[in-house]
Structure formats: C-alpha cells, structure tokens
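Peer 1: Below is one structure. I have some questions about it.
Chains as they are written, first to last, in the numbering used here: chain V, 1 to 102; chain H, 103 to 602; chain B, 603 to 849; chain Y, 850 to 1440; chain D, 1441 to 1937.
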C-alpha cells in the first residue's frame, strides 16, 4: 500500500462520509459541512493521484485549485441561502418532505 | 476582423459573459441596450457558427492553441450545434420576455438588476457546456450554470422558491462531486481529460466502469432523472417564470447532453447494454411517475414542472435503443439518436413556451392555481394558443416537434423489437394529454373573469412564438437534421446519411 | 397516522437503511482507488515540453493560466456568479443574514494593529502575484490575502458594512473577469484562438491578468463574507453607516 | 331539356306524362298555399293512364302499344315499360284512382286537411303507377315504397287515436315488407350477376328468385301488401280508419301491388317450388275462409270489407301458389289472376265508396234505390253470382287450376268454389252493417258525388270485360262457364249460414277486434321490447359512468400513493437511499 | 398547369386554415368581417375542390410533397377517394358555415368557434388529401385537437366532461394508430397510399405482424368512427352546439375515422391482401353488431340529439361494413354511404338544431305538431330520416342496395339479416319522430315566427337543411347519372380491384 493509496482511500472515504452526512444531517450548515468534507475528499484523491509516477503532475493541482474556488463560491452562496431560509422559515433545516399535498 | 469572423463560437461564450459583467457593473444604465446588443450578438454568432459548420464540417477549437490533452478543446459538430440552436432560440426569447416581465416597480427593478447578470452567465455557461469536449471543463461549466440557475430561482422570494433552490443547490453540488470523482478516476486511469483522447484510450475495466457510473449518477441527478428528480418540481415551479422556462428548457438538458457525449464516445467501448437498459428503465419510470404526478397537481407551474420530469424520461429511453442498434442494425441506433436529440430540442421549445405562458397567467390573475385558469382562454387568447400549441409538441402529436422525436424513438424500439419502451412512450403521450387537458379544459370553461392586470402583449407574443417554433420544427425535420448530420458519429449517423 | 409523522418514521428507517448502501459505496470506491492504473506521465511531460511557450516558469501557473486558462476564466465567472447570487438574496442590501457584533471602531489597539497588518497583507498579495510565475502562488493566493484583508477591515468596523454595493465595488468585482474575458476574445482577434497569447506577450499578459484577478478575487471573497454576514452595529449613530449602499 | 324531349317518341312522352303528372301535381302542392287547390285536381292526375293502358291493351303494335322508357340517370338506371303485360293493371288501377279522387273531391270538400290528403293521395298514386310500369328492380322497389309510405298519410288522415295505432301497424308492416323484399332482391341478383360484379342490373327478370329461400322472402315481402294470412293484420285496421276514398284505393288498387310483385319476382313458369307453392295455396285458402269468419264478426262495414279483401286476396294467392307449384300452368293462370284482380278492384272500390256515400248523402227516393241495388250488384259480383264479372273471374281461375293435374286439384277447386259461401256471408254482413252508417249533415255533399260511384258501377260490368278481352283469346273467354248456376249453391249456403249466426252479431263491438292477430304480435313485441328497455340508465351510459366511478375509486389510493411517494422521495435520506441504490445498480450493471 | 397542380392540394387546406387564423386574430365583435371571411373561404375551397374534381376525372395529378422526415414526406394528393370525401366536406362546410352563422347569432365565443371550425375543416380536408399514413395521422390528430374546443364550446360542466370523454377515446385510438403505423413502417418502410395496396409483396413471415397492425389501425380509426365498443364519446359529445354536431357526425370526426378505415383497407393493405390475411371478417362482425347496437340504443332515447347520435353510431358502421365485405359491390356501398350518410345526417342535425334554437325543444315527445310550425325544417328532416331508413329512391337506399349486394357477393348472407333488422330499427326510431311532428296536435302555442320574414326561422338556418335534403333526394334519385356519388364510387372501386 503506497502513500498514494492511503491518501486516495482517505479521500474516497471522506467523500462517502460527506455524502452520507449530506443525506442524514438535517441541519443545513451540517449539510454544507458534509458537502465540503466530500469535496475535500475528492480533492485529496486528486492531489494523491498527482503524486504518482516519477514526476509531479501539475494538472491535478490546477484542477484542485479550480475546484476549491468553485467550492468556496458555492459554499458561500449556500450559507447565505441557508441564513436567508432560516430568517424566512425560522428553521435551520429544510422541511421534510418538500412536497406538499396538492 | 477576419479571425473574429472565423471563430464565431468563441463569441457565443464571450458575449453573454461580458454582457453579464456589464449588466452587473452598470446595473440600470443602458440595460436595454446591453441586452439588445447581447441578443443580437448571440443571434449573429449562432448563425455564423452554423454557417461555419455547414461550410467546414465538424471542427475543433483548441483553446489557447494548446492541443489536447494538454489544453482544452472545443468540438463543434451537429449535436453541439443543435443544442446551441436550442439555447439561442430559447435564450433570446426568454430575454425578450424578461425585458417585459420585470416591471418598473422598485422591487422588480432590483430583481432585474440581479436577473440579467445571472441569466447571461447561465447562457454563457450553457454555451460553454455545449462547446467543450473536456470532462473537467464540463465540471466547471456545470457549476457556473448551476450556480447561476440557483441564483435565478431565488430571485423569487417565496419561501418555497428558497427551499426549492436550497435543495437544488445541495443536490447539484453533490451531483457535481459525483461527477468530479468520476472525472478524477478517469484521469487517474488514462491521464487525460480530453474526450477525444479518452475515447482513443479507453478500455473496459473496473476503474473505468466505476468512473463512468459515478459520472452518470451525477449527471442524471443534474438532469433530474427519476428518482433523483425530487428537487426539480419545487425549484422550477417557484422560480420566476422566465427562469422556470430556462431551467426546464435548457439547464436540465446540460446534464443529458454531457451524458450523451460520454455515451457516444466512451460507452460503445466499455459499456454493457444492461447499463443502458438501466438508464432506459429509469427513463421509463420517469415518464410514468412524472406524468402521474403532473396529473395530480393543482398548480399550473407544478404541473409543467412534473411534465418536465416526465419528458426527460424520453431522453433516457434513447440509451437502450442506441445499444440495441449497436448490437443489431445500426439504423436503429441512428433512429434513436436522431429521435433523442429531437426530443431535447422539442421539449426545450415547448416547455419554455409553456412556462412563459404560465408567467403571463400569473401576471394576469396573480396566481397559478389551475382553477384560476377558468375562462382565461377568452381573456388571454394568445397565451391560451401558446399553451395549446406547445402542448401539441409535448403530447407527441403531429405536427409538434415532439412527434418527430417520438416517432423516431418509437421506430427504433419497434424495429429492434423492444416493445416495452414503445408502450411506455405511448402511455406517456396519453398521460401528457391527461395533464395538459386539465389545463386546456379550464381555459375553455365559460366564466367571466376579470383580468387583474393586462399582461404586456410582448410577453404573450414571445410565448406564442416559441410555441409556433415548436410546430415549425415539427413540420419539417430537415433543417435540424442537416445540422445534426454534420459530424454525427458513424455509430449513429446512418439514418441522417440518408438525407438528400 | 398523519403524513408528517409517517415521514418521520421514513426518515428514521431510511437513515439506517442508508448505512449499508454507503458502506457498499465506500467499498466499491476504495477498490477502485486501489485498482487505478499507474500514471502514464504523459501530461506532465507535455507540460514540461511546452513550459517555454507558456510565458511563465511555474508549471502550476502555466496550467492554471495558460494551458487550462479557460477553466480559470470560467471559475472566476463562478466566483462572480456567487457574489451576484448572494447579493440577490438580499436584494435591498439593507440587512445581512448573520449578525456579528462589532467591536467599536474607536478601539485604538485595533487601529494600530490594522495599520500594520493591512499594508503587509497588500504587499504580500502583490508578492504572491509576482512570484506565481515561477513558484507556488498566483492570483488565487493573492486574492485570498486581499480578501482576508478586507474581511479584517469589515469585521473591525473600518470598512463600511455591509460591504458596499457601490459601482466602484462592482467594477472591482467584475473587472478581473471582464478583463480576462476581453483578453481572451482579443486573442481570438489576433491569433484566431481563444486565450492564445502571443508568445512574446504571454508572460506580461498573464501577470496583468493575475493582478487584476487578484483584486477581483479579493473583492469577491470579501463581498461573499459581507453578503453572508451582514453586520449589525448596536451603537447609536451606526445606522447611517449601515444604510450606505450602492445606488 | 328540349334535346332530351326530341329524342323521345310520342309513346314515351305519354308514358312520362302518366308517371310524372301525379308527381308534378304533388310538387306543386308542396308550395305553401297550393295544396288545397291541387287537391281537387287529383282525379285528373290519373287520367292519362287510362287511354294509355287501353291503347297498349288493344293496339299493341301501334306506336303507343309497347312503350319503353329508359332513364339511366334515375336511381340505378330506371326502366319503364307499358305493354300487354301490365296494361290491364294500369287500366283498372288508373280508373280506380280516378274515381276515388273524384269521389274524394266531394267527400273531403269540407275537411281542413284536404290539402295534405291530396298530397299523399297523389304520391301514393304516383307510386302505384310507377310500380306497375317499372321494369327495373330499383325503380320498382322505389315506387313500391313511395306508395306504401304515402298511404300512411292516408291511413292516419283523421288523426284519431285508433287511426294512429292503425297507421303505426300499417307502417310497421310496410317497412317489414320492404325489408323482406329488399333482402330478397339482393339475394336474387347474385346468380345473375356478371363476373365483374359491377354491371348494371338491367331488368326485374334478372331478379327472379331462383332458390326457395329467396322466393320465400318475396312471398313474405309482398305478402304484407297482398294481405297474406298472418301478415294481413294491418288491412282490417287501416281500412276502416282511412277516409273512404283512400280505403277504396288501398283495398282496390294498392293491395294488388303485392300480386304484381309476386308475378314479377317469383319464378313463375320457370321453376317449380312445390313446398312454397303448397304453402301459398294453404295460406291463401285458409285466409279466404278465416277472413270470412272473422270479417263476419265485425261491426263496421269497412272492417267487413277489409276482411273481404283479405279473403279475396287469399284466392288470388292460391292462384299464384298453384302457378308456383305447376309452372306449366302459368300462361293460363296469369290472365285469370289479372282478371280476378281487376274484378275485385272494381267491386271493392265501389263497396268502399258506398260506405262513404251513405254518410254524405241523405239517401231518399231514387238515390236510395240506386244505392242499394248498386251495392247488391257489387256484392253479388264479388260473390261470383252467375252472369257477373265475379263469375267470369272465378270461372277463369278454376278453369286454369283445372288443368293443373295436381294431386289435390279437386280439393282446391272445391275449396275455391265454396269460398263463395264465405264471401256471401261477408257481403250479407256488409250490407247489414252498412245500414248502421248514418247520414252526417255536416259533410253533406252535392249530388255530383254520385258520378264516380256510377262510373264504377259501370266499371264493374264493363271493366273486367275489357280486361278479359285484352288478356284472353276470345274463344277461350267464350268457353268459360260464367253463367253456370252451380255458383248459386255456395251462395245459398252462405246466406243460410248468415241467417243462423246473425243473432249473435248484433253487439256494438266486434267479437274479434279488427286486426285479430295484432294483439298477439303487439304482446310479443312488448315482451321482447321489455328485455331491451333500459332500467333507469341506459346500458352504455351506466357502464361508462360505472367505469368512471370505478376508475375514480381505483385512482384514489393510487393518487394517495403518488403523493406519498413523491413526498418520500423528497426526504433527504430516502432520496439518498435511492441515489445510492441507483449508483450501486449502475456499478453493477456497468460490470 | 402542372406547376399549379402541385399547389392546389395545399391551397385547398390553406383556404380554411388561413381563414381560421385570421378569424382568431380578429376580435370577437368583428361579425361582418368574420362572416365574410368564412363565406369567402368556404366558397374558395368549393371552387378548388370542384377544380380537383374536374381534374381528377380527366386524369390530372394533384400532388404536394413537403419533406417531413428523412424517408417520409408529407404528401397531399388528390385521387378518386380524396375527391369523393373532399367534395363532401367542402360542400357541407359551406352549408354548415352558413348554418352556424345563423345558429350562433348573438352567442358568446364566436371568434373561437369559427376559428376552430375552420381548423377542423382544414384537418378534415387534410385527412382526405393525405397521401400517406404519416400525413393522414397528422391531420387525424389535428382533427382531434381542433374539435375539442368545439365540443366543449359551451364551457359548462357537462360539455367539459363530454370533451374529456371525447379526448380519452380519440387520443387512445390515435395511440393505437400510431403504434400500428410505426410498426408497419418498421416492416415495410415508407410508402404512399396506392390503389390496391402495397403490402401484398411482403414476405409471408411478416403476415402475423400485419394482422396485428391491421387490427391496431382499424381500432384506432374505429374510435373516431364510433365503432362499438369505442363509441361512448359520440352520444355525450352531443352537448356541443348543433353545427358542431352536424359537422362531427356528418363530415369531420366520424367520417374521418371511416375514411381512415377505407384508406387502410384499400390503399395500404389492399382489399385483396386483407382478404388473404382473413382480417376482414372480425370487422364485418363488429360493424354489424355496431349497426344493430346503435339502432337499438337510439330506439330508447327521448332526447332528440341523442337519438340522432346513436343513429350515427349505427349508420357509420355501414361504411365499415361495406369496406369489409370483400367484393366490389360492398366497396361501392361503403364508399357511397360515406357521402350519403354525411348528407343525410347533416340534414337531421341542422333540423334538430333549428328546432332547438327556434322553439327550444329538445325531446322527441315535445315535438308534437312541429311540422306545421316549421314545415321546411321538418320536411328536410323527414326526407333525411326516410333516406336513413333506406326508403328508395333516397340516398340511403342506394347505399343499402349496394351493401346488400356486396353482402351476397361476398357470401355473407347473414349480413342481409343485419341490414334488414337495422332498417326496421331505423324505421322504428325515425318514423315516430315524423309521426309526432307531422300528425300529432301541438300541445302548446308556438311563439311567433321569426321576426325576419316569412321563413320559419332565420334563413341562415333554413337554407342549409333544405339544400341538404334536396341533395339527399337528388343523389338517390339521380344515382345513375354520371355525376352522382355512386358513379364516382363505382369509378374508384373499379380501380381498387
């Protein structure tokens, strides 16, 4: 088991955990955190992959950077949205379920 | 000037993006001018892109002059052109509509101030999606358009819109991660992000399969395929109407488009037909489930949104048909291909028309309960006509464009002996009749309604134009098929080669 | 049983049902990581080969702003979209979403600290842009520092809060992206390819772009922060500051 | 039009006039306000037919002798002809129509609906002439139908409930007859059809029945009109309620259309259908006797006359039956039947008109004498008393039958002979009931009303003779024992019989109501109808709403399930589950 | 001439389509303009159809081809059958338009009504002009959709329900048709309608599928033709205004279904090939049953229009009966009934509408003495009713005559029983109407005659039924002439065998 594998496996486990959290955590902030964990997992895997071979691969790094910016942007917006939601609905969670009886 | 004229595709991305920045930075000043400029730009660039395509055949554009796999490459062929056509048509129309939709009240002006930049970014993102052939670039463009789309939904400050968009956002982000994970695996396995390069290198293998499966999951969630569609109806139904139109007509197609590209390039090599059948089964379930839900709704926009869920199902039935064709007679695959793309186009036009018409209704009577529609047929004849004409396409009745799509898909399924899909599609058509006529019969009910606000004629005209377009494409498929034939992969091009 | 209660039960049951599914997912993914083929090293080699033409010395920057500069261009767009979207949530700009209690702007210690730290941060940011061409760094790092500087200012009450939506701010926000996009389209005019910098100009242009981008990114990050964390100041007289906003 | 006319020779113009004159008058009558004026012209419409018929009868070789008129554009290629075969029919029919129309002018002069009556009268007349002259099936059928349907208006003329019922029965039976004829015609053509199947169907001869089933259809189809036993119920119901002149033509002229149909379409002289022939003989004779018995029980003179018609038609039916059994006899039988038909027509017409006459004239003095003696004479003629036309007709009939060589020949002749007893019974009953008809001064008519009556009286003497001279060779005619006093025997029996039963017959209401079997048919019809009658809701409507209800009931849980399903899917963990499951399935499928 | 020939079929469609569009675009209150447009359109269409009639008779080819899908063109073509049906439609459209103008005087939604009315006729003409299945299907569906607003025209609960039922049935049928069409094309490729059919050349291995396809087609078209058990929409669609019912029953929807069957049997499969496949008999039986069923149901209706509706159910199946009787005579009967039924039925609906509109009577039992109040209307009705019964020499007789001959020719003598029973039933439900109307005394005092003059109602309302009644007489009485529908049917039939 190489270092790459360890990072990689950690990455995917983080991803799965994050997604699991997203699915199961009712609080919106926790959902967002879960998402960030998941994306961190993916980024970790990317970085790990860059370390394979004899030469450091700059491409995944660039991709991760891009990914991070996107992730930051999305998270910021999501937090704003969550805050707005809480202000309007008074609840930090999404209604379960979303669909009302027509 | 010559190089500009030679690369019209770049303007498709650049013009709306610059328009977005401008409308953001300068807000009210000269907005109409900027919008007109952008729309004209879109129209001209689209036309020129097509002209170039027709003259030169399929071509690629290596960004920065860096050829793949180092750089990002755009591939412009018939399929991309078809989606660009849809985007331009619907985009221009929605823009025209939005100019009227946001009125002069302070509140509406504030909304408009954010609508335009977000909307132009969305357009730019969509063009970028349809042009590119780089799997990571797709991630970026998906995020760009996705984030813009969510932002647009929240312009409607209704609580349902906010919760809907929150769901949408979370799902979209999660779906993107799935997709990205798949991209990472593919990159790890083949060392390239370029689709063409990948196509050359790809081999069956567990990593490949998992990667493709991950990407597929992400994309079907973005495309709102059953059972991952649940975010769509609240989001689409509660957004401002031009936004709903854009979402249903264009944004969900993005996920489908990428999946189709992957399918076409990679899957003939690696995919098993069971995967395709699985997707088809989800599509079939979507048709039935979405239609059944639409029939139950008591709000117009929810009904239309569920109709989108159903209509997306047709797109996915294309996949098992493609595979059946590849396994059997390539002609069948080409039927499925042409039919699937046509479905994307026809649904886009018709659904945009419907949502825009719904917007007119809301403008006129203040809400979109189905029962508020009673007697509106007489008060808003243009809008009612738009709904009716758009519905023809959705129901798959000639001369709606949806008929051509359904015809080809049906032909493929019958010819390849896959009767199940045919039955579902026919049932779906009938159910579409079921939910659409819930609308129409209220429109035709005799009731004297006081229209609260006479909507601007232009809004009605735009909806009607789109609806008529959906019939125009239904009357003759040749123009689109000529376009689509350019650079169609050999595996699906047989039918279109038969064009005179 | 009411529907709502029914859902709660679904919720509980489905949570537990999720666990095995996700464990299976994890197993599949781990297996996939383990069976990923070794790198073929093609891309790093290509990057190396083309470094000379990229106009920069650092491969990461080369990839980020030249080879895959288009990704970066769009990514800046994403950032801008996020800002617009956040602002749109609170269209009036009157109130933020979260309430922060600010220290008094008259706090002398804070002022002194800031007067030292802020110039340093700006300097650092400039350095980051400069160094990006041959070492890890670049517009993002620089922008992050600038953003942090702005956030510091905001949370110390020195910058009008919420972060103003004046045209100047908006120009700063949109400027980087617009410039980048304009350059991209200008290269089409001259070279026929999007973002195809003339070889001789590549370095300069990238530097220019990075500089502007850094400003924009910084502004964007600060705007995001301000948009999310609308500031509420309890002290008298503060409303005048709170009301300051773009036209 | 003139070009068309110029291609017609004078004979064809005459024929066209015969056919078109009633139609033309009818069309004019449809113009608002014209009906009442045209009403009086009805007898004139029948006039051209009389000379035309006579001409054809006696100068067959002249330009007016054998006329053919083909109008291919009409219906399915219409063909008309006037020749020796149908001239006698046209002759007595036209005369009857003329007299009845003439009589009607007086009889209905005060009737407010006389215009309507005139229209129907003209229509029926046109149909009657047309069917006599038609030589192609479509036209024949057309004219037959026109006559039948137009007569309906005559039957229900006064609009009283009894008339309406009678009209309904009449119409029902008429339609039934049409339908049976139609089926017969259609079936009959097939063996004669050319290979291409699209050749024009030329003449009625092509449609002669060639197999027993088709013949059976024709027998029944025309039997309705001819009052074949079992199908005769409309006769005794319709005749009493119709205005007298209408009854006269119904019973005298129109009833013969059935005979004409049989003669055209049964394979007389070609094939022998002994079973059907036997059936017709049986029904005919049974009808002759049974009708006499039932008729005797009637209280209204017109009902008695109607039964008499059934009875007389039974004898003619017997003749046809024999012709069907023994084809070789046709040449002798047909003239005999024609003669008999004409004789019956004149006599019956006069008797009917008498009923009317009595109600519109206050008979006193010479009128009374003339009336009763004329009636008696007609009655005697009908019975077949020696030296009357009836005797001549019966003699001709029996003579023809006598050559048959049938096993039952003697029996038939005997039965034919003794049918006269029944007729005697009926005539006595008629004369008796006629007395009860009272003078109605509201409808008093001028003396002119006697004119048609007197013409007919002459007709009874001369008319059959003319026909006989036309259709028989004179030597044969001379040999007929029409003066035989043997004929008196059945009369005596009949008279005695009437004397015996007379005391029972004095009730106000008939013992067996007119229309005898109708009650039975109606009851059967009601039973069958009840089976089809809807309960509360009509079948399909109930089924539809039932299905709709069922659908709604079925949809309620489905709808609920859909709602819950969609709600469940929007629960994060469940959708996550779904997503995860889809993912795993896709992984698995992708392998 | 040749270049114009290619345009005429399209022009025939456009005359009513453009009219419809302009009418919809005009305001509700532009009565005069609308009336003028309607009449101009109808007359223009008549003229063009007459031109085609003349041309087809003299061997001209009228064909418009529009590329639709690769391999499939939209083909508008005039052949014998087309001309038969389009002459009927164009003629009756003119009359119905006149009638509708009078009927809807002062009622709401006239703009919508006349707009969709024109579209409906466009669709019908399209159905008749269609040169292949796709084109046929296109107009067939267009017909369904454009008729819907007419069915629900009144916009009340009842008409909405009827409309829903109508849609459920007709679109369900279309789905079957669509499946059949796709299937057939997947077996046989693209083809145009051809006299004597095109499918007989297919290998015998496909025959099993072809049988099923035939059933799909016929059931698909059978819904519109109100074949039992697919007929329930028709009686309930009676809630529509009278001109709509008239058009629906006589020309448009029901007839399009029947015409579709004709096309399928003759020009797709070919009657001889269909006979080889042994698919005709089931439909013969279905048609026979429908004939009897419709009549039996009509018998117990007291609602005037309902009775007529069930009568339509019965009468239209005569057409199917005719085309499923193998042999030229049956074909002639079926084809000629297509026209005859239209002329007769439209008369009846005009008349029923007149009575409802003028005297507000809807039940048969209320019609006592109507004949005297409205002699022209009732006279027209009577002629049509007698024609329906098959009384010679009216139109219905001609049809029944050939149908009967056809039955014998094809060796299905039992069909005669059906015809006979049906005629009796027809008589049983039509004649009482005549009796009540003509011979029973009115039990009420009628309102004064229409204010406009000596006619019993507005002349817009009276002229059309009188004209169609005259036609009923003329097409029957002069069936033997060279210009009668019968001769045309004979001409067509000659080409089909």
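From the three backbone atoms N, C-alpha and C, an ideal C-beta is built for every residue, glycine too.
Just by C-beta distance, which residues in the region 534 to 550 of chain H are closer than 8 Å to chain B?
Peer 2: Flagged: no residues at all.
Peer 1: Using a beta-carbon distance cut-off of less than 7 Å, what residues from the region 334 to 361 of chain H approach chain B?
Peer 2: Taking 7 Å as the Cβ-Cβ cut-off against chain B, none of the residues of the region 334 to 361 of chain H qualify.
Peer 1: Is residue 603 (chain B) close to chain Y, meaning its C-beta is less than 8 Å from at least one C-beta of that chain?
Peer 2: Only weak support exists for where residue 603 (chain B) lies, its pLDDT of 45 falling under 50; the value from the coordinates is given anyway. Chain Y contact via Cβ: absent.
Peer 1: Residue 987 (chain Y) versus chain A: which residues are under 9 Å apart at the beta carbon?
Peer 2: Protein chains in the displayed structure are V, H, B, Y and D, and chain A is not among them.
Peer 1: Using a Cβ-Cβ cut-off of less than 8 Å, list which residues of the region 660 to 679 of chain B approach chain H; keep chain order.
Peer 2: Hits within the stretch, in order: 668, 669, 670, 671, 672, 673, 676, 677, 679.
Peer 1: Using a cut-off of 8 Å between C-beta atoms, extract the partners of residue 1420 (chain Y) located in chain B.
Peer 2: Ordered by position in chain B, the residues that pass the 8 Å Cβ test against residue 1420 (chain Y) are 609, 612, 613, 616.
Peer 1: So with CB distances below 7 Å, who are the chain Y contacts of residue 23 (chain V)?
Peer 2: Near residue 23 (chain V) (Cβ distances below 7 Å), the residues of chain Y are 1421, 1422, 1425.
Peer 1: Just checking: is the beta-carbon of residue 215 (chain H) within a distance shorter than 8 Å of some beta-carbon in chain V?
Peer 2: By this cut-off, residue 215 (chain H) is not an interface position.
Peer 1: Buried or exposed for residue 985 (chain Y), please, with buried defined as at least 16 other CB atoms from any protein chain shown within 10 angstroms of its CB.
Peer 2: Result: buried.
Peer 1: Under the three-state reduction of DSSP, which class applies to residue 1503 (chain D): helix, strand or coil?
Peer 2: Strand at residue 1503 (chain D).
Peer 1: State the CB to CB distance for the pair residue 317 (chain H) and residue 292 (chain H), rounded to an integer number of angstroms; the pair is presumed to be in contact (CB under 8 Å).
Peer 2: Not a contact, Cβ separation roughly 13 Å.
Peer 1: Going along chain V, which residues have a C-beta under 8 Å from residue 242 (chain H)?
Peer 2: Chain V residues near residue 242 (chain H): 66, 70.
Peer 1: How far does the beta strand (DSSP E) with residue 161 (chain H) in it extend, from its first residue to its last?
Peer 2: Start and end: 161 to 164.
Peer 1: Between B:795, B:794, B:796, B:771, which lies nearest to residue 686 (chain B) when the distance is taken from Cα to Cα?
Peer 2: Ranking the options by Cα distance to residue 686 (chain B), first place goes to B:771.
Peer 1: Report yes if the CB atom of residue 1184 (chain Y) is closer than 8 Å to the CB atom of residue 1098 (chain Y), and no otherwise.
Peer 2: Their beta carbons are not under 8 Å apart, which means residue 1184 (chain Y) does not touch residue 1098 (chain Y) by this criterion.
Peer 1: Taking 8 Å as the CB-CB limit, is residue 635 (chain B) close to chain Y?
Peer 2: Closer than 8 Å: no.
Peer 1: Give me the residue from B:756, B:738, B:673 with the minimum Cα distance to residue 712 (chain B).
Peer 2: With distances taken between Cα atoms, residue 712 (chain B) lies closest to B:756.
Peer 1: Got a sec? Which residues, its chain only, sit under 6 Å from residue 532 (chain H) by beta carbon, not counting five neighbours each side?
Peer 2: Closer than 6 Å at Cβ, skipping near neighbours: no residue.
Peer 1: Let me confirm a value: residue 233 (chain H) is counted as buried when at least 16 other C-beta atoms fall within 10 Å, else exposed. Which label applies?
Peer 2: Counting Cβ neighbours within 10 Å, residue 233 (chain H) comes out buried, since at least 16 surround it.
Peer 1: Run through the DSSP bridge pairs and tell me what residue 919 (chain Y) is partnered with.
Peer 2: Partner(s): Y:928.
Peer 1: Check whether the region 630 to 640 of chain B touches the region 292 to 312 of chain H, counting contact only when three or more Cβ pairs, one atom from each stretch, lie closer than 8 Å.
Peer 2: Judged by Cβ distances under 8 Å, the region 630 to 640 of chain B makes contact with the region 292 to 312 of chain H, as three or more pairs qualify.
Peer 1: Which one or two residues does DSSP pair with residue 105 (chain V) in a beta bridge?
Peer 2: Because chain V in this structure spans residues 1 to 102, residue 105 (chain V) falls outside the shown range and cannot be described.
Peer 1: Would the beta-carbon of residue 1699 (chain D) be found less than 7 Å away from any heavy atom of the ligand ADP?
Peer 2: Looking for the ligand ADP in the displayed structure turns up nothing, as the structure carries no ligands at all.
Peer 1: Tell me where the beta strand (DSSP E) around residue 886 (chain Y) begins and ends.
Peer 2: First-last for residue 886 (chain Y): 884 to 888, but that is the alpha helix (DSSP H), not the beta strand (DSSP E).
Peer 1: For a minimum of 4 consecutive residues, which ranges assigned as the alpha helix (DSSP H) are wholly contained in the region 621 to 707 of chain B?
Peer 2: Counting whole runs of 4 or more residues, the region 621 to 707 of chain B contains the alpha helix (DSSP H) stretches 644 to 656, 661 to 664, 671 to 691.
Peer 1: Indicate whether at least one CB of chain Y lies closer than 8 Å to the CB of residue 698 (chain B).
Peer 2: Legend: pLDDT at residue 698 (chain B) = 49, less than 50; position of this residue unreliable, value from coordinates given subsequently. It does not; no Cβ of chain Y falls within 8 Å.
Peer 1: Quick one: which chain Y residues come within Cβ less than 9 Å of residue 627 (chain B)?
Peer 2: Ordered by position in chain Y, the residues that pass the 9 Å Cβ test against residue 627 (chain B) are 1429, 1432, 1433, 1436.
Peer 1: Once the 5 residues before and after residue 1936 (chain D) are set aside, which same chain residues still bring their CB inside 7 Å of it?
Peer 2: Result list for residue 1936 (chain D): 1635, 1636, 1706, 1711, 1771, in chain order.
Peer 1: Note down, in chain order, each residue of its chain lying with its Cβ closer than 6 Å to the Cβ of residue 1278 (chain Y), except the 5 sequence neighbours on either side.
Peer 2: Closer than 6 Å at Cβ, skipping near neighbours: 1145, 1153.
Peer 1: Strictly under 8 Å for the Cβ-Cβ distance: is residue 783 (chain B) near chain H by that measure?
Peer 2: With 8 Å as the cut-off, residue 783 (chain B) counts as an interface residue toward chain H.
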